[in-house]
Amino acid sequence: ANPVPFQVPMGAEENFLGVIDIIERKAVIFKEFERVVTDVPEDYREKCENARRHLVEKLADFDEDIMKMYLEEKDVPVEMIKKASRCATIKMLFTPVFCGAAYKNKGVQLLLDAVLDFLPAPIDKGAVVGMDVKDTEKTQTRHPLPGDPFCGLAFKLIHDPYVGQQTFVRVYSGKLESGMQVFNATKGENERIGRIMRIRAKEREEITSAGPGDIIALIGMKYTKTGDTLCDMHHPLVLESIYIPPAVIDLKVTPPSKKEEEKLGIALRKLAMEDPSFTVRVDDETNETIISGMGELHLEIIVDRLKTEFNVEATVGEPSVAFREAIKNEAQAEVKYAKQTGGRGQYAHCVLRIEPNPDKGFEFVDHTKGGVIPQEYMPSIRKGIEGSIADGIIAGFPVVDVKVVVLDGSYHEVDSSDMAFRTCGSLCFKEAFRKASPTLLEPLMKIEINTPDEYIGEVIGDLNRRRGKVESMRRFRKGAQKVNGFVPLMEMFGYATQLRSLSSGRANYSMEFSRYVPLGKEVQEKVLKALNEKKLQKV
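Following my numbering, the numbering of the sequence shown begins with 1390 at its first residue and continues without gaps.
Here's what the structure looks like:
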């Protein structure tokens, strides 16, 4: 990333007063709701000059004019530094680094100014490339020009109590106008553009059209969700979508009364539309509503929004880890499903082989020969298997990364049906799954902890007790270290409170999903035992 500081902080933590702008050689001090720009204080001048010299040295590697001035020991003008910095940033030769505290409203304004000064405008970024809808092997290019066919990406949905659903779109090419019809290439649906809004914080301004580089909100879109591509009807393409991290924590939510059940359902559906990393489902066995998200804080915010925005006081259960099921080995199974209940019977016969399919999800392959199973029944077999995959086999969690091959089977001209083969496919898959050394997968989280030196031993010891693995440690400022590692999510419930206790409130951490990994044998046995006990309690 080649980070280069553009500011020097004045103070730290509760004593953070402002920043030194090393390019302008000015101090910016934040007081309540105003900022005061002054000359650099005496005790910060040396730091400012050293940081400015470091920036100029970096720029001299990319810019000949600055190199010449640097070698001649001349002072480089402000505008020359800004111009060269913008060029280096756009070419990704280095990354400008700014500091501030958003919670205290310090430094945010300067960061926004830097976005304008150094980050690329649409014309600087050039063309975007998308996949051709008609031929997925080909690509299509769109230039940031009003004359090119329209193309945009929906990147966020928000439900507004006054105007309804707002779909935020970044326009990459062409012109978007109210009333025109566009094509949602991701969903394969046509959309008519209603009102177009330009959003400035809480202010909304209705406009009639938008062009390349504009970020707008569209009101009343029917099919468009986060990550969808909107494009010209006659020039379809699909842009690279937005990565949606998987939900790794489950939480049971219950409405305060039967009367509030529908209200809760509507609110959760609206929240799920806004946030694709948040999902809602109903447990088939218990009929309970389960919400899933990226972590404890994520779901806490969802529950708080239910109360503040939708006026629903939901009762929540204890959070639980969203495990997955997978197999370690290959296995084969054969099932004949035959039922005679008077009149027409039910008959289906399948031979399946299943095998691990790492990082490729579910794959279904037909290797039958000679029409032993008519092609019309293959979708039914697949649906039966997909139902079992969704419900899980050993613990009720979704199955991932499995390849299913249909090897053989038979049918009856009268008694075979879609339902018979669907049931047979499900039963056969379950039997093969149990033979294939099934295992539970748990979410492994990437963690970063910032802690003062005096607490480093306690922090690492606690991480080890949680089955964590420390990858690296480095000093990131005087008297404090940054610890990076991996830890199972199952061991991290209540960690924020524990870390505050260990460090007297001085350490902090951030955590994000890394990948799913198999549970150890002993841990899996404990998890399965706990899950079975929970099921018995419900019964």
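Here a beta-carbon is modelled for each residue, glycine too, at the ideal position from N, C-alpha and C.
| message | Between which two residues does the beta strand (DSSP E) holding Asp-1639 run? | response | On the sequence shown, position 250 is the one that residue 1639 refers to. First-last of the beta strand (DSSP E) with Asp-1639: 1638 to 1643.
| said: Are the CB atoms of Leu-1619 and Ala-1574 within a distance shorter than 9 angstroms? | reply: Within the sequence shown, numbered from 1, the residue matching residue 1574 stands at position 185. Within the sequence shown, numbered from 1, the residue matching residue 1619 stands at position 230. The answer is yes: Cβ separation under 9 angstroms.
| 7 angstroms Cβ shell around Glu-1649 - same chain, five flanking residues per side excluded | Residue numbering aside, residue 1649 sits at position 260 when the sequence shown is read from its first letter. Once the five neighbours on either side are set aside, the close Cβ partners of Glu-1649 are Val-1701.
| task | Flag this pair as touching only if the segment 1827 to 1845 and the segment 1896 to 1913 have three or more C-beta atom pairs under 8 angstroms; answer yes or no. | result | yes
| What separation, rounded to the nearest whole angstrom, lies between the Cα atoms of Val-1876 and Arg-1713? | As a working note, residue 1876 is residue 487 in the sequence shown. As a working note, residue 1713 is residue 324 in the sequence shown. Between Val-1876 and Arg-1713, the C-alpha separation is close to 17 angstroms.
| query | Hey, quick one: how far does the beta strand (DSSP E) through Lys-1614 stretch, first residue to last? | reply | Start at 1 with the first residue of the sequence shown, and residue 1614 comes out as number 225. Note, Lys-1614: premise wrong, no beta strand (DSSP E); not H, not E.
| field | Candidates His-1548, Ile-1470, Ile-1409, of which the one nearest Glu-1435 by Cα | value | On the sequence shown, residue 1435 is found 46 positions in, with the first residue counted as 1. Nearest of His-1548, Ile-1470, Ile-1409 to Glu-1435, Cα basis: Ile-1409.
| query | Skipping 5 residues on each side, what residues in its chain have a beta carbon closer than 7 angstroms to that of Ala-1606? | reply | Against the sequence shown, residue 1606 aligns to sequence position 217. Correct list, in chain order: Gln-1555, Thr-1556, Phe-1557, Met-1586, Ile-1588.
| task | Just confirm the distance between the C-beta atoms of Glu-1744 and Glu-1719, as a whole number of angstroms; I'd bet it's less than 8 angstroms. | result | Taking the first residue of the sequence shown as 1, we reach residue 1744 at position 355. Taking the first residue of the sequence shown as 1, we reach residue 1719 at position 330. Confirmed, Cβ separation roughly 4 angstroms.
| message | Can you tell me whether Val-1497 sits near the ligand MN, meaning its C-beta is under 8 angstroms from at least one heavy atom of the ligand? | response | For the ligand MN, the structure offers nothing, since it holds no ligand at all.
| Near Phe-1753, which residues of its chain fall below 6 angstroms by C-beta distance, leaving aside the five closest residues on each side in sequence? | If you number the sequence shown from 1, residue 1753 lands on position 364. Closer than 6 angstroms at Cβ, skipping near neighbours: Arg-1771, Val-1793.
| said: Taking the beta carbon of Gln-1926 as the centre, do at least 16 other beta carbons fall within 10 Å, making it buried, or is it exposed? | reply: By one-based count along the sequence shown, residue 1926 stands at place 537. Per the 10 Å Cβ criterion, exposed.
| query | To which residues of the same chain is Thr-1613 closer than 7 angstroms at the C-beta, ignoring the five residues directly before and after it? | reply | Here residue 1613 refers to the residue found at position 224 when the sequence shown is read from its first residue. Within the same chain, Thr-1613 has close Cβ partners Ala-1543, Thr-1556, Asn-1573, Glu-1580, Leu-1619.
| request: Please report the Cβ distance between Glu-1629 and Leu-1546, rounded to the nearest whole angstrom; I am assuming they are in contact, meaning their Cβ atoms lie under 8 angstroms. | output: If you number the sequence shown from 1, residue 1629 lands on position 240. If you number the sequence shown from 1, residue 1546 lands on position 157. That belief does not hold up - the Cβ atoms of Glu-1629 and Leu-1546 are roughly 19 angstroms apart, past 8 angstroms.
| query | Just to confirm, are Phe-1810 and Ile-1762 a CB contact at a threshold of 9 angstroms? | reply | Taking the sequence shown and counting its residues from 1, the one referred to as residue 1810 is at position 421. Taking the sequence shown and counting its residues from 1, the one referred to as residue 1762 is at position 373. It is a contact, given that the beta carbons lie within the stated cut-off.
| query | Going straight from the alpha carbon of Ser-1646 to that of Leu-1688, what length do you get? | reply | On the sequence shown, residue 1646 is found 257 positions in, with the first residue counted as 1. On the sequence shown, residue 1688 is found 299 positions in, with the first residue counted as 1. Between Ser-1646 and Leu-1688, the C-alpha separation is close to 21 angstroms.
| said: Just to confirm my understanding: we take Pro-1430, look at its own chain, exclude 5 residues before and 5 after, and list those with CB closer than 7 angstroms. What are they? | reply: Position 41 of the sequence shown, counted from the start, is the residue given in the question as residue 1430. Once the five neighbours on either side are set aside, the close Cβ partners of Pro-1430 are Ala-1416.
| With C-beta atoms as the reference, is Phe-1882 less than 9 angstroms away from Lys-1835? | The residue labelled residue 1882 in the question sits at position 493 within the sequence shown. The residue labelled residue 1835 in the question sits at position 446 within the sequence shown. Cβ atoms of Phe-1882 and Lys-1835: not closer than 9 angstroms.
| request: Please classify Thr-1528: is it buried, with 16 or more other beta-carbons within 10 angstroms of its beta-carbon, or exposed? | output: Taking the sequence shown and counting its residues from 1, one reaches residue 1528 at position 139. Counting Cβ neighbours within 10 Å, Thr-1528 comes out exposed, since fewer than 16 surround it.
| said: In the DSSP assignment, the beta strand (DSSP E) including Met-1520 goes from what residue to what residue? | reply: Taking the first residue of the sequence shown as 1, we reach residue 1520 at position 131. Taken as a continuous stretch (DSSP letters only), the beta strand (DSSP E) holding Met-1520 covers 1517 to 1521.
| task | Name the two residues that bound the continuous alpha helix (DSSP H) containing Leu-1830. | result | Within the sequence shown, residue 1830 is the residue found at index 441, counting from 1. Not the alpha helix (DSSP H): Leu-1830 falls in the beta strand (DSSP E), residues 1827 to 1841.
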